[in-house]
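Residue numbers (the numbering used here), protein chains in the order written: chain U, -5 to 125; chain G, -5 to 125. The beta carbon of each residue, even a glycine, is placed where N, CA and C say it ideally should be. Small disclaimer: the values here were computed from a predicted structure and weren't measured. First the structure, in the form of structure tokens, and then the observations on it.
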């Protein structure tokens, strides 16, 4: 049985700038620093976000398989219930304009912004997906 | 506060073949079918995996921002403690050779295989990352 998604990956060429966004603006806690290859943030007891440099991960590595998907990815974070208005202010104050806002049929709501790499980052209050 | 990673994304051009792997071989439960755009699997109460078609998600959409990162991505799933040997047999029987096996300093262990899109899929017993 698969029980959880432990590692979610995004590819970022500028890890310093990415850290300013994910740690500074979003408040994630960095738990590993393997620059220039990657950075890891603990998001929940169950899950980490890993930012990898897509110029390095496709190269042969002694321990782990090659991978790498440059482009504009997407990730959706679940936020505290009722916190989206606070998030809107915090993001706008940080110079991250809200690109889109969606109210889902379940009542869940999402704000979409772009990280410095132009990945589409969604902050979700509630859960838009069937259980 | 960000509380969880609700949506993890991989990009797959052949969603039918991807479904055979993620539902058939890995046993994930599909909870939404938006082919040809995407498929969603519930992995845990906290998290879904969304497979998106990278030829369609970069196009303008009335509701959600454009995104898309073709290439060979990576995702790490947490599996039941002690189940890696059963996973090894199940994957080999399904024609998915183990590409790499790693024992991490924490004692966690990983098996790596490739999905039909050549994404690097890691099955992890334990947690290799700092809490």
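DSSP-derived helix/strand/coil call for residue i
i, result
"residue 1/G", "strand"
"residue 34/U", "strand"
"residue 17/G", "helix"
"residue 27/U", "strand"
"residue 109/U", "coil"
"residue 12/U", "helix"
"residue 43/G", "strand"
Chain U contact for residue i (CB, 8 Å cutoff)
i, result
"residue 1/G", "yes"
"residue 99/G", "no"
"residue 15/G", "no"
Neighbour flag for residue i against chain G, beta carbons, 8 Å
i, result
"residue 94/U", "yes"
"residue 76/U", "no"
"residue 83/U", "no"
"residue 116/U", "yes"
"residue 32/U", "no"
"residue 45/U", "no"
"residue 105/U", "no"
Residue i classed as buried or exposed, judged by whether at least 16 other C-beta atoms fall within 10 angstroms
i, result
"residue 53/U", "exposed"
"residue 12/G", "buried"
"residue 55/G", "exposed"
"residue 30/G", "exposed"
"residue 76/U", "exposed"
"residue 109/G", "buried"
"residue 125/G", "exposed"
Same chain, Cβ closer than 6 Å to residue i, five either side skipped, listed in chain order
i, result
"residue 40/G", "-2"
"residue 90/G", "107"
"residue 117/G", "71, 73, 81, 105"
"residue 68/U", "114"
Nonlocal neighbours in the same chain, by C-beta distance under 7 Å from residue i, ignoring five residues either side
i, result
"residue 27/U", "33"
"residue 102/G", "118, 119, 120, 121, 122"
"residue 15/U", "109, 110"
"residue 88/U", "19"
Residues near residue i by beta carbon distance below 8 Å, same chain, minus five either side
i, result
"residue 86/U", "92"
(Q) With three or more beta-carbon pairs closer than 8 Å as the criterion, would you say the segment 41 to 52 of chain G touches the segment 5 to 20 of chain G? (A) yes
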